[in-house]
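In my numbering, the protein residues as written are 35 to 255. A short write-up of the structure that comes next.
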């Protein structure tokens, strides 16, 4: 079978799988970003319990396998009365894992803001919330954006694990096509191309555009 015949027969399942992967990625990004900023700021809090909670979250999710975390969320939590459908369990598990890595990016970027900026904000008698919102976070965001671009690409690739709980994403569709046709090169080659396009032609340009916007914003501050 030629590749064009393969695409005519199985192109739509792959496209549908790509759409599910995009949805999983977008929702996991929301979870990861929220958790990263909350945990990253908690790691810098003066209250010791807040630091302990954030540290525990980061250490657990960075120190264990994402696949084990996925299985825990989907298979084990129902034993304690918390039932999540496979789609929700998929993006939550990916978001929780990558949020732990993002938290360290947030913490590191905030600590990288020059000390003079902190002292200037204190000299202006800004409240801690205003100081963080108006002075520190915008500069920290500019520092962390390049690393976040790489993290989001890792997040996209990590969504392929949700196929193991039968979420009909791109990898799941490729595996189903391969099981029916044994056309491994075509099935997984197509998946590889789609993942690459999503990473390099969607996520990377978006993050570069966001970096330029933040640079212009900081230039006007």
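From the three backbone atoms N, C-alpha and C, an ideal C-beta is built for every residue, glycine too. Computed from a predicted structure; not experimentally measured.
- Unbroken alpha helix (DSSP H) runs of no fewer than 4 residues, entirely contained in the segment 56-107, are found at 82-97 and 100-105, following chain order.
- Only exposed fits residue 167, as fewer than 16 other CB atoms lie within 10 angstroms of its CB.
- Here the alpha carbon of residue 125 sits roughly 33 Å from the alpha carbon of residue 39.
- Annotated as proximal: residue 190 and residue 232, with beta-carbon spacing under 9 Å.
- At the C-beta level, residue 55 and residue 205 come within 9 Å of one another.
- Shown here, residue 183 sits in a helix according to DSSP, grouped into three states.
- The C-beta of residue 246 has fewer than 16 other C-beta atoms within 10 Å across all chains shown, which makes the residue exposed.
- For residue 162, the enclosing alpha helix (DSSP H) has its first and last residue at 162-165.
- Shown here, residue 200 sits in coil according to DSSP, grouped into three states, outside any helix or strand.
- Within the segment 134-175, the complete alpha helix (DSSP H) segments at least 4 residues long are 149-157 and 162-165, listed from N- to C-terminus.
- Boundaries of the alpha helix (DSSP H) around residue 223: 218-232.
- The criterion of a C-beta distance shorter than 9 Å is satisfied by residue 137 and residue 70.
- A direct Cα-Cα distance of roughly 33 Å separates residue 53 from residue 141.
- Residue 42 sits in a helix when the DSSP states are folded into three classes.
- Within the same chain, 44 and 221 come within 6 Å of residue 211 by CB-CB distance, once the 5 residues on both sides are set aside.
- By the criterion of a C-beta distance shorter than 8 Å, residue 139 is surrounded in its chain by 70, 74, 178, 181, 182 and 185, once the five residues flanking it on both sides are discounted.
- Put simply, the backbone Cα of residue 65 is about 21 Å away from that of residue 51.
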